[in-house]
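Visitor:
Number of protein chains: 2
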Amino acid sequence: MGVARTIGADEAGVVKDTATEAWERMREITHDPQVLGQLQALADEAGIIPGAAKALRFLSTTEPMAMRRLAANLRCDNSYVTTIVDSLEEAGVARREAHATDRRIKVIVLTDAGRTLAGRAQEILGTPPPAFELLSPAETEILRDLMRKLGSAAKPTST
Amino acid sequence: MGVARTIGADEAGVVKDTATEAWERMREITHDPQVLGQLQALADEAGIIPGAAKALRFLSTTEPMAMRRLAANLRCDNSYVTTIVDSLEEAGVARREAHATDRRIKVIVLTDAGRTLAGRAQEILGTPPPAFELLSPAETEILRDLMRKLGSAAKPTST
DNA sequence: TATTGTTATACTCTATAACTATA
DNA sequence: TATAGTTATAGAGTATAACAATA
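Chains as they are written, first to last, in the working numbering: chain C, 1 to 159; chain W, 1001 to 1159.
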């Protein structure tokens, strides 16, 4: 591996095309177990379940969020959000509050400790891995532009 | 949701740099829930647990693999491989066989049905999403090269 | 003694269905 | 009647510790 060869065929006759290789490598890079490990450590330290640490990402900067909306962000069921927010509340990271006008809705409000924690979670998930330093500024821009292009085809996510 | 905003800065004054944006978008694209969905469907159809479908990827082309090695590939504990191979065996997708020389080791051998299934799993996980058609051949090559560069910093993974 | 795999167990992830309160 | 959240429950993911067989 790592040998730049004439692209398009290999000795087994199996053609691994450029897009496939790019895709496989993208998956490998982004599924970095280290990120999960860091998040796990954060969760352990804070006394929350790992799923709650992931959720913190969406609770970080915005105003209080309805539980239902968190479920949409996490693409999980409402009932799991109950579990997550239970964990956050038990650890003193967040609390439920009633919505001002619609009393069916509960919003999730971070405590001060929660805001700090959320910032760290955001940083863990949002910080590019060290390998990005291998790219020149120009290459980084090219990469970003390619990602924008790939992302622009995002599924319509009806509703 | 779904509102496209000016990218690069948000109302809080936080500037999101190029690498961070590239990274976040990469993660979003590669964590496509549709891939998981397809794999889930395959698992349902074959009567195996979803984790076993992921494992098929590593069992596809190679010769019989020791359970321990599958654990390393999946980065999970041996005990979970027991669960996975139980599932594969119950569904008639694979069977355990004794290693020729070291009788502590059991190797996983795919059945004919298993080989077919493994090919499909490989295809699901290895096929780039439709959005890749948005890239020109030249752009695809650039992307692949960038991924090679990023991947070259991969952790040494001793042993 | 060290290694491979299994068993028992426990915690977490996540969803479905039934339910309560509110709209 | 429809919607937000909760409860009960269950299957799946996953790890740790103790164990058996083999090296």
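We treat Cβ as the ideally placed atom computed from N, Cα and C, and that holds for glycine. None of the values given here were measured: they were computed from a predicted structure.
DSSP has residue 1107 (chain W) in a bridge; who is on the other side?
Guide: Answer by DSSP bridge pairing, in chain order: W:1066, W:1097.
Visitor: Assign residue 136 (chain C) to one of three DSSP states: helix, strand, or coil.
Guide: Correct three-state label for residue 136 (chain C): coil.
Visitor: Which residues, taken in chain order from the region 104–119 of chain C, show a beta carbon closer than 7 Å to some beta carbon of chain W?
Guide: Result list empty, no residue passes.
Visitor: For residue 70 (chain C) and residue 117 (chain C), what's the separation of their Cα atoms in angstroms?
Guide: About 17 Å.
Visitor: Out of C:103, C:54, C:21, C:132, point me to the one whose CA is closest to residue 1153 (chain W)'s CA.
Guide: Out of C:103, C:54, C:21, C:132, C:132 has the C-alpha closest to the C-alpha of residue 1153 (chain W).
Visitor: Please report the distance separating the alpha-carbon of residue 1146 (chain W) from that of residue 1038 (chain W).
Guide: Looking at the two C-alpha atoms, the distance is approximately 28 Å.
Visitor: Whose C-beta lies closer than 6 Å to the C-beta of residue 1073 (chain W) among residues of the same chain, with five residues either side of it excluded?
Guide: Counting only Cβ-Cβ distances below 6 Å, and skipping sequence neighbours, we find 1058.
Visitor: If residue 1149 (chain W) and residue 135 (chain C) are in contact, beta carbons under 8 Å, what's the gap, nearest whole angstrom?
Guide: About 7 Å separates the two Cβ atoms, so the contact holds.
Visitor: In terms of residues, what are the limits of the alpha helix (DSSP H) holding residue 50 (chain C)?
Guide: It spans 50–59 - the alpha helix (DSSP H) in which residue 50 (chain C) sits, taken as one unbroken run.
Visitor: Is there a C-beta anywhere in chain C that falls below 7 Å from the one on residue 1057 (chain W)?
Guide: So no, residue 1057 (chain W) is outside the interface.
Visitor: What number of angstroms, rounded off, separates the C-alpha of residue 144 (chain C) from the C-alpha of residue 1102 (chain W)?
Guide: Going from the Cα of residue 144 (chain C) to the Cα of residue 1102 (chain W) covers about 50 Å.
Visitor: Return the CA-CA distance between residue 28 (chain C) and residue 1114 (chain W), expressed in angstroms with no decimal places.
Guide: When rounded, the distance between both Cα atoms is 25 Å.
Visitor: Between which two residues does the alpha helix (DSSP H) harbouring residue 1033 (chain W) extend?
Guide: Where residue 1033 (chain W) is concerned, the enclosing alpha helix (DSSP H) stretches over 1033–1046.
Visitor: Assuming residue 152 (chain C) is part of the alpha helix (DSSP H), what are its boundary residues?
Guide: Unbroken run through residue 152 (chain C): none, as it is neither H nor E.
Visitor: Count the other CB atoms, across all protein chains shown, that sit within 10 Å of the CB of residue 90 (chain C); report buried if there are 16 or more and exposed otherwise.
Guide: When all chains shown are included, residue 90 (chain C) counts as exposed.
Visitor: Of all the CB atoms in chain C, is at least one closer than 7 Å to the CB of residue 1069 (chain W)?
Guide: Cβ-Cβ to chain C under 7 Å: no for residue 1069 (chain W).
Visitor: What is the residue span of the alpha helix (DSSP H) that residue 91 (chain C) lies within?
Guide: Counting along the chain, residue 91 (chain C) falls outside any alpha helix (DSSP H), and DSSP gives it neither H nor E.
Visitor: Run the CB neighbour count on residue 1046 (chain W), radius 10 Å, all protein chains shown included, and call it buried at 16 or more, exposed below.
Guide: Residue 1046 (chain W) should be labelled buried.
Visitor: Please list the partners that residue 1131 (chain W) has in chain C, where partner means a Cβ-to-Cβ separation under 9 Å.
Guide: The answer, in chain order, is 149, 150, 151, 152, 153, 154.
Visitor: How should residue 62 (chain C) be labelled, buried or exposed, when 16 other C-beta atoms within 10 angstroms of its C-beta is the threshold for buried?
Guide: By the 10 Å Cβ count, residue 62 (chain C) comes out exposed.
Visitor: With a CB to CB cut of under 8 Å and the five nearest residues on each side skipped, what residues in its chain are close to residue 82 (chain C)?
Guide: Only 67 meet the Cβ criterion.
Visitor: Run down chain C in chain order and give the residues with a C-beta less than 8 Å from the C-beta of residue 1139 (chain W).
Guide: Per Cβ cutoff of 8 Å: 146, 149.
Visitor: Beta-carbon of residue 1074 (chain W) versus every beta-carbon of chain C: anything under 7 Å?
Guide: No, no contact with chain C.
Visitor: In chain C, which residues lie with their C-beta within 8 Å of the C-beta of residue 1126 (chain W)?
Guide: Those are 20, 23, 24, listed as they occur along chain C.
Visitor: Exposed or buried, which one is residue 1075 (chain W) when buried takes at least 16 other CB atoms within 10 Å?
Guide: The residue in question, residue 1075 (chain W), is exposed, as its Cβ has fewer than 16 Cβ neighbours within 10 Å.
Visitor: When DSSP labels each residue in this structure, what does residue 1127 (chain W) get in the three-state scheme?
Guide: Three-state DSSP puts residue 1127 (chain W) in coil, outside helix and strand.
Visitor: With a cut-off of 7 Å, does the C-beta of residue 1039 (chain W) fall near any C-beta of chain C?
Guide: Judged by the 7 Å Cβ criterion, residue 1039 (chain W) is not in contact with chain C.
Visitor: For residue 1084 (chain W), decide whether its Cβ has a neighbour in chain C, counting only Cβ atoms nearer than 7 Å.
Guide: No, its Cβ sits nowhere closer than 7 Å to a Cβ of chain C.
Visitor: Is residue 1144 (chain W) helix, strand or coil when you go by DSSP?
Guide: Three-state DSSP puts residue 1144 (chain W) in a helix.
Visitor: What three-state label does DSSP hand residue 112 (chain C) in the structure shown?
Guide: Three-state DSSP puts residue 112 (chain C) in a helix.
Visitor: Under DSSP, the alpha helix (DSSP H) around residue 1025 (chain W) begins and ends at which residues?
Guide: Counting along the chain, the alpha helix (DSSP H) containing residue 1025 (chain W) begins and ends at 1018–1030.
Visitor: Count the other CB atoms within 10 Å of the CB of residue 94 (chain C); is the residue buried (16 or more) or exposed (fewer)?
Guide: The residue in question, residue 94 (chain C), is buried, as its Cβ has 16 or more Cβ neighbours within 10 Å.
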